Amino acid sequence: EVGSALINSEAALGVVPSGSGNGFARHLKIPMDIKSALHRILEFNIIQIDTGSVNSKPFLATTGTGFDSHVAHKFADFGKRGILSYMQISTSEYLNYKAKDYEIYVDNQKIENKAFLIVVANSSQYGNNAWIAPNASLTDGLFNIGILEKFPAALLPDILLRLFNKTIEKSKYYHSITGKEVIIKQVDDYHIDGEPMKGGLDLHIQMNPKSLNVIS
132 EVGSALINSE
142 AALGVVPSGS
152 GNGFARHLKI
162 PMDIKSALHR
172 ILEFNIIQID
182 TGSVNSKPFL
192 ATTGTGFDSH
202 VAHKFADFGK
212 RGILSYMQIS
222 TSEYLNYKAK
232 DYEIYVDNQK
242 IENKAFLIVV
252 ANSSQYGNNA
262 WIAPNASLTD
272 GLFNIGILEK
282 FPAALLPDIL
292 LRLFNKTIEK
302 SKYYHSITGK
312 EVIIKQVDDY
322 HIDGEPMKGG
332 LDLHIQMNPK
342 SLNVIS
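When we follow my numbering, the leftmost residue of the sequence shown carries the number 132, and every step to the right adds one.
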């Protein structure tokens with residue numbers, strides 16, 4: 132929220148990781164311990180990064196719909212936090228989750244696909260070193276759009292391994308494209324930087340290049 136408030140201003144965002152995930156900080160290689168992160172801020176090395184917006188709501192790292200959004204909603208209502216709880220929910224929800232038909236436009240190119248999840252990534256990972264878009268850059272003016280098709284249950288360990296060893300894009304069930312503007316028609320639930328949002332609407336996702344100063 133602080134970062135969103137600083138978009139298109141001259142102020143710089145300093146990042147001190149806390150809680151679980153920290154995908155944005157990990158992408159920037161910010162140290163995970165507070166003391167080292169504060170030392171990094173004092174070095175005051177500023178870069179300009181891209182941000183995105185979903186129906187005019189800003190985001191820094193990722194947005195999307197499908198299974199990851201479904202899990203985000205379940206996780207928000209779960210009593211325990213942390214990666215183990217997240218993995219527990221993901222595993223239990225996977226078996227009953229149905230892939231959905233999506234109509235997507237990337238820079239006016241129409242894509243119709245039955246997808247397990249769709250991620251629009253400005254940075255490379257969800258958090259906890261789960262690399263959903265390993266080639267995403269915060270400074271190239273492009274989103275990396277990843278479409279993961281439903282995969283056999285027997286391949287769940289393989290997909291999870293690929294998330295953590297940066298090879299998800301090599302899976303035949305994962306398709307990637309880059310673009311500056313994305314429209315996803317009539318989504319159910321979605322998320323913005325991992326925060327669950329109610330759907331029932333079109334998502335209009337836009338790139339805002341070099342719009343935020345960050346101490347890296």
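Idealized CB from N, CA, C, for every residue including glycine.
The structure displayed is predicted, hence computed values, not measured ones.
Own chain partners of residue i with C-beta closer than 8 Å, once the 5 adjacent residues on each side are dropped
i	result
residue 339	138, 139, 181, 182, 183, 184 and 189
residue 225	198, 284 and 287
residue 307	264, 266, 275, 276, 277, 278 and 300
residue 209	216 and 220
residue 177	143, 344, 345, 346 and 347
residue 272	181, 311, 338, 340 and 341
Rounded distance between the beta-carbons of residue j and residue i, thought under 8 Å
i	j	result
residue 321	residue 193	Not confirmed; about 11 Å, so no contact.
residue 346	residue 145	5 Å
residue 289	residue 314	In fact, because the Cβ distance is near 31 Å, the residues do not count as touching under 8 Å.
residue 310	residue 237	4 Å
Bounding residues of the beta strand (DSSP E) (the contiguous stretch that carries residue i)
i	result
residue 299	That residue, residue 299, is in no beta strand (DSSP E); it is neither H nor E in DSSP.
residue 279	274-279
residue 162	Unbroken run through residue 162: none, as it is neither H nor E.
residue 321	321-323
residue 343	332-346
residue 305	305-310
residue 327	326-328
Contact set for residue i: own chain, Cβ-Cβ below 7 Å, skip 5 residues either direction
i	result
residue 304	279, 280 and 282
residue 205	220 and 224
residue 329	320
residue 294	261, 262 and 263
Residue i - containing alpha helix (DSSP H), residue span
i	result
residue 288	287-295
residue 143	No alpha helix (DSSP H) holds residue 143; the beta strand (DSSP E) holding it covers 143-145.
residue 140	Taken as a continuous stretch (DSSP letters only), residue 140 belongs to no alpha helix (DSSP H), as it is neither H nor E.
Close beta carbons around residue i, own chain, < 6 Å, minus the five adjacent residues each side
i	result
residue 326	none
residue 318	196, 330 and 334
residue 159	347
residue 297	262 and 265
Residue i beta carbon near the ligand ATP (any heavy atom closer than 7 Å)
i	result
residue 300	For the structure depicted, the ligand ATP is absent and the ligand set is empty, with no information on it obtainable.
Notebook entry, point to check: Which ranges would you report for the beta strand (DSSP E) in the stretch 231-270 if only whole runs of at least 3 residues count?
Noted result: 231-237, 240-246 and 248-252
Checklist line | At least 3 beta-carbon pairs within less than 8 Å: the stretch 245-259 vs the stretch 147-155 | finding: yes
Note to self: Restricting to runs no shorter than 4 residues, where is the alpha helix (DSSP H) found entirely within the stretch 167-214?
What the structure shows: Unbroken alpha helix (DSSP H) runs of no fewer than 4 residues, entirely contained in the stretch 167-214, are found at 198-207, following chain order.
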